[in-house]
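Working notes, beginning with the structure itself.
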Amino acid sequence: SARSLTGIALMMTLIPALFHLAVGLLMKKYLINNEYYRDIQLALAQKQA
2 SARSLTGIAL
12 MMTLIPALFH
22 LAVGLLMKKY
32 LINNEYYRDI
42 QLALAQKQA
């Protein structure tokens, strides 16, 4: 039916797009820049020493 096709189309397009947007926003919150990456490397090096 037309309603089923609409539901399938939404499940294949709009819903995944919303999930990708949510993941993108979460990734932006936990952004790793060069300074933060360097701090992590130093902390790991100190931990191993």
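If you read the sequence shown in my numbering, its first letter stands for residue 2, the second for the next number, and so on.
Cβ coordinates follow ideal geometry from the N, Cα and C atoms, glycine included.
Computed from a predicted structure; not experimentally measured.
Task: Residues near arginine 4 in its chain [Cβ-Cβ closer than 6 angstroms; skip 5 each side] - done: none
Task: Where the alpha helix (DSSP H) through alanine 23 begins and ends - done: 15-30
Open item on the list: According to DSSP, simplified to helix, strand and coil, what is serine 2?
Closed with: coil
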